[in-house]
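In terms of our numbering, the sequence shown opens at residue 267 and continues consecutively. C-beta: ideal position from N, C-alpha, C; glycine also. None of these values were measured; they are calculated from a predicted model.
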Amino acid sequence: MTDPANNDSCKSRVKVLEETLTRCRSDLEKLLQVPDEKEALPPSESDTKGAGADLAQIYERRWRVLFDSGSAWINICDSNCAIIEVNQAGIDIMEADSAADMIGKRLPDFVYGGREEEVTRCEAILQEARGSRRQIELCTFKGNRRLLEVMLVRFPDKEQGEQRFFSILTDQTEERLAQEQLIQRQKELARVMRTNTLGEMASGMAHELNQPLAAIQSYIEGCQNRIANSSCDKSDFLYVLERMSGQINRAVGTLSEVRYFFRKDDSRMACENINEIIYNAVNLWKTLSLSRDIEFQLQVQDDIPAVLANSVQIEQVLLNLVRNAEEAFEDSGDAGIIPVIRITTQQIDETMVKINVKDNGPGLPQVSELDIWNQFITTKKEGMGMGLPICRSIIEAHNGQLTAMDNEQGGAEFSFTLPIYRPEVNV
267 MTDPANNDSC KSRVKVLEET LTRCRSDLEK LLQVPDEKEA LPPSESDTKG
317 AGADLAQIYE RRWRVLFDSG SAWINICDSN CAIIEVNQAG IDIMEADSAA
367 DMIGKRLPDF VYGGREEEVT RCEAILQEAR GSRRQIELCT FKGNRRLLEV
417 MLVRFPDKEQ GEQRFFSILT DQTEERLAQE QLIQRQKELA RVMRTNTLGE
467 MASGMAHELN QPLAAIQSYI EGCQNRIANS SCDKSDFLYV LERMSGQINR
517 AVGTLSEVRY FFRKDDSRMA CENINEIIYN AVNLWKTLSL SRDIEFQLQV
567 QDDIPAVLAN SVQIEQVLLN LVRNAEEAFE DSGDAGIIPV IRITTQQIDE
617 TMVKINVKDN GPGLPQVSEL DIWNQFITTK KEGMGMGLPI CRSIIEAHNG
667 QLTAMDNEQG GAEFSFTLPI YRPEVNV
């Protein structure tokens with residue numbers, strides 16, 4: 267089973283990398299803000315000690331210190347974006363023997379072989395050169411792939427009388443690796459939770475399969491009796507075969523739903539209809555659950571936009587929330603209440619949709635709000651308290667939020683958001 271501590275470690279690595287890259291980019295952007303002739307930035311006191319200090323030399327010294335010691339790969343390029351000077355960080359990132367290996371080359375020259383889309387992306391960056399940032403994947407001199415964020419800044423070279431460029435590249439390979447490890451651990455945790463869910467619902471699945479199998483057995487025994495009594499009629503046999511076929515389809519349908527839910531999850535997200543995901547989750551619950559009947563009230567927005575989501579993971583979140591509500595009903599001991607779970611969907615702005623799961627049970631457990639999201643904190647007699655933390659982790663991996671509160675009318679209310687699918691971005 268995946269260690270949750272490793273999951274937290276991956277998150278910490280991603281956070282540290284993001285903070286480091288942000289500081290690096292901020293320092294470079296401040297340096298590259300070339301002042302107007304009328305509004306030259308004043309040097310610091312340490313720089314201006316001694317009369318007649320030359321401002322240009324001061325800025326040149328500052329630039330050289332950052333250029334030579336910075337962790338970002340910095341190039342000075344000519345008007346054709348060919349490298350004429352590269353710092354040590356660039357040499358290290360590209361695993362070159364010396365600067366001579368890189369002088370005269372352009373970014374598209376470092377693209378991994380045969381990846382025309384990366385070449386096109388590099389060319390677009392070189393043509394725009396407006397300070398915008400883009401990610402590209404380059405190949406080092408030793409054949410290793412590196413993911414880099416590129417920013418190009420155009421500036422005039424008064425001495426040469428032509429345009430020059432700074433290309434500033436920050437290495438995001440380790441950040442992506444940490445994110446991929448985090449996603450992998452998230453996938454493993456979600457799979458563990460699905461396994462536990464199916465284990466708890468195994469009796470329901472056995473019951474659902476036993477009914478069609480028992481019916482098929484009865485039909486077969488009836489046919490055997492008719493054959494033994496020589497009272498065979500073709501139309502009767504056709505009728506029995508049709509009924510047997512229907513029961514077989516029922517059993518196959520149950521197994522198909524379980525197989526779909528339990529299939530290996532590749533964690534890829536796609537354009538999904540959130541209403542269909544909800545219908546599938548509710549139908550699977552009704553098929554496999556043997557516990558007290560729950561009345562589902564689905565109030566979904568018909569024209570709700572598609573979301574960017576992993577449908578299996580979102581189904582798992584919904585099933586876990588329904589299971590929690592059911593267990594709360596059972597623990598309350600109030601057999602007179604008809605359990606009701608209301609699921610609603612609505613678009614809340616141009617970027618997100620919201621899904622609410624409300625019940626009329628006893629409400630949230632008497633623990634602090636922080637505790638219900640902590641791993642291994644549980645109010646149940648059995649269980650490890652992993653369900654809600656994993657659910658929140660899944661939703662956050664979708665760039666959404668999962669919250670919990672008590673209903674004013676009684677019961678608990680869980681809400682989570684998912685991003686709206688945007689073709690121009692989510693490709």
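- For Leu413, DSSP records a beta bridge to Glu403.
- Sixteen is the threshold: since fewer than 16 other Cβ atoms of the shown chains lie within 10 Å of the Cβ of Lys408, the residue is exposed.
- Three or more Cβ pairs closer than 8 Å define a contact, and the region 580-588 meets that threshold against the region 653-662.
- Each residue's CA atom was taken as its position, placing Ala390 and Asp344 some 16 Å apart.
- In the three-state DSSP reduction, Lys620 falls in the strand class (E or B).
- In this structure, the beta-carbon distance from Ile359 to Arg412 falls below 8 Å.
- By alpha-carbon distance to Ala670, the top candidate from Glu616, Phe432, Leu587 and Leu479 is Leu587.
- Under DSSP, Gln565 forms a beta bridge with Thr610.
- By the criterion of a C-beta distance shorter than 6 Å, Glu428 is surrounded in its chain by Ser345, once the five residues flanking it on both sides are discounted.
- Leu418 sits buried, since 16 or more C-beta atoms from the chains shown fall within 10 Å of its C-beta.
- Secondary structure at Gln513: helix, using DSSP grouped into helix, strand and coil.
- According to the DSSP assignment, Asp358 belongs to the alpha helix (DSSP H) that extends over Gln354 to Ile359.
- Distances from the alpha-carbon of Ile349 to those of Cys657, Arg327, Leu684 and Leu373 put Leu373 closest.
- Residue range Leu668 to Asp672 is occupied by the beta strand (DSSP E) that includes Met671.
- In the DSSP assignment, Ser484 forms no beta bridge with any residue.
- The C-beta of Val619 has 16 or more other C-beta atoms within 10 Å across all chains shown, which makes the residue buried.
- For Ser337, no beta strand (DSSP E) encloses it, and the DSSP letter there is neither H nor E.
- Between Leu550 and Phe503, the alpha-carbon positions lie close to 33 Å from each other.
- For Ile580, the secondary structure class from DSSP, reduced to helix, strand or coil, is helix.
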